[in-house]
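J.: If you count the sequence shown from 1, you need to add 4 to reach the numbering used here.
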Amino acid sequence: MAELVVALDYPAMDAALGTARALRGAAEAAAADAAGGRLWMKVGLELFTASGPEVVTRLKDLGFPVFLDLKFHDIPNTVRGAVRSAVATGADMCNIHLSGGERMCRAAVEGLAEGAAARGGGAVPMLLGVTVLTSVGPGELPGGADPSAEAARLAACGREWGLSGVVCSGYEAEGIKRRCGRDFICLTPGIRPAARDGAGSGGDDQRRVMTPAEAVRAGSDYLVVGRPVTGAPGPNGPADAARRILAEMREAAGQRA
Numbered sequence: 005m006a007e008l009v010v011a012l013d014y015p016a017m018d019a020a021l022g023t024a025r026a027l028r029g030a031a032e033a034a035a036a037d038a039a040g041g042r043l044w045m046k047v048g049l050e051l052f053t054a055s056g057p058e059v060v061t062r063l064k065d066l067g068f069p070v071f072l073d074l075k076f077h078d079i080p081n082t083v084r085g086a087v088r089s090a091v092a093t094g095a096d097m098c099n100i101h102l103s104g105g106e107r108m109c110r111a112a113v114e115g116l117a118e119g120a121a122a123r124g125g126g127a128v129p130m131l132l133g134v135t136v137l138t139s140v141g142p143g144e145l146p147g148g149a150d151p152s153a154e155a156a157r158l159a160a161c162g163r164e165w166g167l168s169g170v171v172c173s174g175y176e177a178e179g180i181k182r183r184c185g186r187d188f189i190c191l192t193p194g195i196r197p198a199a200r201d202g203a204g205s206g207g208d209d210q211r212r213v214m215t216p217a218e219a220v221r222a223g224s225d226y227l228v229v230g231r232p233v234t235g236a237p238g239p240n241g242p243a244d245a246a247r248r249i250l251a252e253m254r255e256a257a258g259q260r261a
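(1) With a CB to CB cut of under 8 Å and the five nearest residues on each side skipped, what residues in its chain are close to Leu-145?
(2) Check each candidate in Ala-219, Val-229, Gly-29 and name the one with the smallest Cα separation from Ala-256.
(3) I need the straight-line Cα distance from Asn-81 to Val-113, nearest angstrom please.
(4) Roughly how many angstroms lie between the CA atoms of Ala-121 and Thr-215, to the nearest whole one?
(5) Would you mind giving the Cβ-Cβ distance between Arg-75 and His-101, rounded to the nearest angstrom? I have them listed as a contact below 8 Å.
(6) Give a yes or no on whether the C-beta atoms belonging to Val-171 and Ile-195 are separated by under 7 Å.
(7) Within 8 Å, do at least three Cβ pairs link the stretch 25-41 to the stretch 83-100?
(8) Check each candidate in Met-17, Asp-18, Gly-41 and name the one with the smallest Cα separation from Ala-246.
(9) For the beta strand (DSSP E) holding Ile-100, just list the boundary residues, first then last.
(10) When you compare each of Arg-123, Asp-187, Pro-239 to Ala-6 by their alpha carbons, which one comes out closest?
(11) Since Cys-184 is in the alpha helix (DSSP H), which residue starts that stretch and which ends it?
(12) Determine the DSSP secondary structure at Gly-76, reduced to helix, strand or coil.
(13) Counting Cβ pairs, one atom from each stretch, are 3 or more of them under 8 Å apart for the stretch 42-51 and the stretch 66-75?
(14) Since I believe Ala-95 is in contact with Val-66 (beta carbons under 8 Å), could you give me their beta-carbon distance rounded to a whole number of angstroms?
(15) Out of Arg-62, Gly-162, Arg-182, Ala-92, state which residue places its alpha-carbon closest to the alpha-carbon of Arg-110.
(16) Keeping to the same chain, check which residues put their C-beta closer than 6 Å to that of Glu-118; ignore five residues upstream and five downstream.
(17) Excluding five sequence neighbours on each side, which residues of the same chain lie with their C-beta closer than 7 Å to the C-beta of Asp-244?
(18) Using the Cβ count rule (16 or more neighbours within 10 Å means buried), how would you classify Thr-294?
(19) Between the alpha carbons of Pro-232 and Gly-147, how many angstroms are there, rounded?
(20) The beta strand (DSSP E) with Thr-192 in it runs from where to where?
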């Protein structure tokens with residue numbers, strides 16, 4: 005079953021940890037479900053810049069797997085060291101921009117292995133390649149390239165260069181799975197639950213969006229949701245929103261099986 009990743013897009017650590025604590029019950033229920041699945045926390049550029057590696061450590065102490073979403077893109081040696089350092093924080097997943105090219109991506113894979121070896125055992129973290137940001141719509145890429153076609157091309161490169169999978173829109177997931185194999189991970193941002201009373205279900209900067217059910221049926225393995233969970237009103241709002249999304253994901257997975 006696909007797994008839910010909650011984007012902790014906060015400017016400070018205290019607010020992020022408060023939401024994570026509020027979600028512990030939903031995480032325990034997801035882990036106990038017969039269909040399996042975990043609830044992840046995502047740390048992005050804003051939160052990591054404000055809080056540093058400590059926020060990853062604190063989230064791990066709360067029992068969550070962590071996606072460190074820093075989208076490295078630099079010269080190969082710098083990215084190799086950055087990925088190695090990302091693994092040292094305890095992150096279970098990190099990412100780079102595939103547009104950095106083959107040498108940069110292969111250097112990142114080396115940094116991943118070095119970081120995992122230094123951690124002294126356990127599962128090797130996942131390294132994903134960003135294809136085309138889900139905030140990019142048709143006609144917005146340089147030269148007028150089609151976002152879905154470019155995402156598929158970059159995903160095939162990522163597979164060849166040794167990455168675990170890609171960050172892509174749900175619209176590209178099915179084609180990427182056909183081209184790169186069912187074991188090639190597709191993590192999908194831009195997930196928006198169908199409009200109801202929850203906060204943050206629309207009106208943001210995303211373009212190529214899907215509902216949780218649509219993304220699961222398309223073959224996405226990890227679904228990233230931010231404001232519809234973190235902005236849900238009331239003390240139990242985030243946990244209730246996460247439970248609704250997880251239920252929708254389970255139902256869609258059953259239909260797809």
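We treat Cβ as the ideally placed atom computed from N, Cα and C, and that holds for glycine.
T.: Let me lay it out:
(1) Mapped onto the sequence shown, residue 145 falls at position 141. When the five nearest sequence neighbours on each side are left out, the beta carbons in the same chain lying within less than 8 Å of the beta carbon of Leu-145 are those of Val-136, Pro-151, Glu-154, in order along the chain.
(2) Residue 256 sits at position 252 when you count from the first residue of the sequence shown. Of the candidates Ala-219, Val-229, Gly-29, the one whose C-alpha sits nearest the C-alpha of Ala-256 is Ala-219.
(3) In the sequence shown, counting from the first residue as 1, residue 81 sits at position 77. In the sequence shown, counting from the first residue as 1, residue 113 sits at position 109. When only Cα atoms are considered, Asn-81 and Val-113 end up about 11 Å apart.
(4) What you label residue 121 is simply residue 117 of the sequence shown in a count that begins at 1. What you label residue 215 is simply residue 211 of the sequence shown in a count that begins at 1. In this model, Ala-121 and Thr-215 are separated by some 38 Å (Cα to Cα).
(5) In the sequence shown, the residue the question calls residue 75 occupies position 71. In the sequence shown, the residue the question calls residue 101 occupies position 97. Correcting the residue type first, residue 75 is Lys in the shown sequence and not Arg. 6 Å between Cβ atoms; contact.
(6) Here residue 171 is taken as the residue at index 167 of the sequence shown, counted from 1. Here residue 195 is taken as the residue at index 191 of the sequence shown, counted from 1. A distance of 7 Å or more separates the beta carbons of Val-171 and Ile-195.
(7) Because the criterion of three Cβ pairs below 8 Å is not met, the stretch 83-100 and the stretch 25-41 do not touch.
(8) For the purposes of this step, residue 246 is taken as the residue at position 242 of the sequence shown. Taking Ala-246 as reference, the option from Met-17, Asp-18, Gly-41 with the minimal CA-CA separation is Gly-41.
(9) Here residue 100 refers to the residue found at position 96 of the sequence shown. Residues 97-101.
(10) Here residue 6 refers to the residue found at position 2 when the sequence shown is read from its first residue. Considering only alpha carbons, the answer is Asp-187.
(11) Position 180 of the sequence shown holds residue 184. Annotation for Cys-184: the continuous alpha helix (DSSP H) segment containing it runs 174-184.
(12) As a first step, residue 76 must be located in the sequence shown, where it is residue number 72. First, the residue type needs correcting, since residue 76 is Phe and not Gly in the sequence shown. In the structure shown, Phe-76 adopts extended strand secondary structure according to DSSP, grouped into three states.
(13) Flag = yes, the stretch 42-51 and the stretch 66-75 touch.
(14) As a first step, residue 66 must be located in the sequence shown, where it is residue number 62. As a first step, residue 95 must be located in the sequence shown, where it is residue number 91. First, the amino acid is wrong: residue 66 is Leu here, not Val. 14 Å between Cβ atoms; not a contact.
(15) Working through the sequence shown from its first residue, we reach residue 110 at position 106. Among Arg-62, Gly-162, Arg-182, Ala-92, the Cα nearest to that of Arg-110 belongs to Gly-162.
(16) The residue given as residue 118 occupies position 114 in the sequence shown. The answer, listed in chain order, is Arg-88.
(17) Counting from 1 along the sequence shown, the entry for residue 244 is found at position 240. If we look at Asp-244 and ignore the five residues flanking it on each side, its Cβ neighbours are Ala-236.
(18) Lying before the first or after the last residue shown, residue 294 is absent from the chain, which here runs from 5 to 261.
(19) For the purposes of this step, residue 232 is identified with residue 228 of the sequence shown, where counting begins at 1. For the purposes of this step, residue 147 is identified with residue 143 of the sequence shown, where counting begins at 1. Annotation: Pro-232 to Gly-147 spans about 34 Å, alpha carbon to alpha carbon.
(20) Within the sequence shown, the letter at position 188 stands for residue 192. Run containing Thr-192: 189-192, per the beta strand (DSSP E) assignment.
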